[in-house]
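Everything on this sheet refers to the single structure shown next.
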Amino acid sequence: MAVWIARRRWEKRGDYDFLVETSLDQPDIIIEHKLTMIAELQSTSAFEDEKIDLIVKRRNSSFDMPIYVVAKKEGVRL
Numbered sequence: 000m001a002v003w004i005a006r007r008r009w010e011k012r013g014d015y016d017f018l019v020e021t022s023l024d025q026p027d028i029i030i031e032h033k034l035t036m037i038a039e040l041q042s043t044s045a046f047e048d049e050k051i052d053l054i055v056k057r058r059n060s061s062f063d064m065p066i067y068v069v070a071k072k073e074g075v076r077l
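Oh and the sequence shown: position 2 is 1 in numbering that gives the first Met the number 0, straight run, nothing missing.
Laid out in structure tokens, this is it:
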């Protein structure tokens, strides 16, 4: 799994946009992991009152969106 955070949102202290690239293929498992990750982030003092957007890209999918390219180019890999 690889994770990026959008730099412009992070620097302006706006909402946090994350791109998560995963090798998981089953949609129900991806959604479960996505919800768990958001819940875990919001349970920390750093993110408890923050708006979090989490975009998931399946690594094995040929489907590509411009947001994936922008997130990787302009974001910070965690």
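For every residue, glycine included, the Cβ atom is placed at its ideal position computed from N, Cα and C.
According to DSSP, residues forming a beta bridge with residue i
{"i": "isoleucine 37", "result": "The partner list for isoleucine 37 (beta bridge, DSSP) is empty, contrary to what the question assumes."}
{"i": "glutamate 20", "result": "Ala1 and Lys56"}
{"i": "valine 75", "result": "Ile4"}
{"i": "tyrosine 15", "result": "Ile51"}
Whether residue i touches residue j by CB criterion (9 Å)
{"i": "aspartate 16", "j": "isoleucine 30", "result": "no"}
{"i": "lysine 33", "j": "leucine 53", "result": "yes"}
{"i": "methionine 64", "j": "lysine 71", "result": "no"}
{"i": "arginine 76", "j": "valine 2", "result": "yes"}
Per-residue DSSP class, three states only, for residue i
{"i": "aspartate 52", "result": "strand"}
{"i": "aspartate 27", "result": "helix"}
Start-to-end residues for the alpha helix (DSSP H) that takes in residue i
{"i": "glutamate 47", "result": "Element bounds for glutamate 47: n/a, residue is neither H nor E."}
Whole-angstrom C-beta distance between residue j and residue i, which should lie under 8 Å
{"i": "aspartate 14", "j": "isoleucine 51", "result": "7 Å"}
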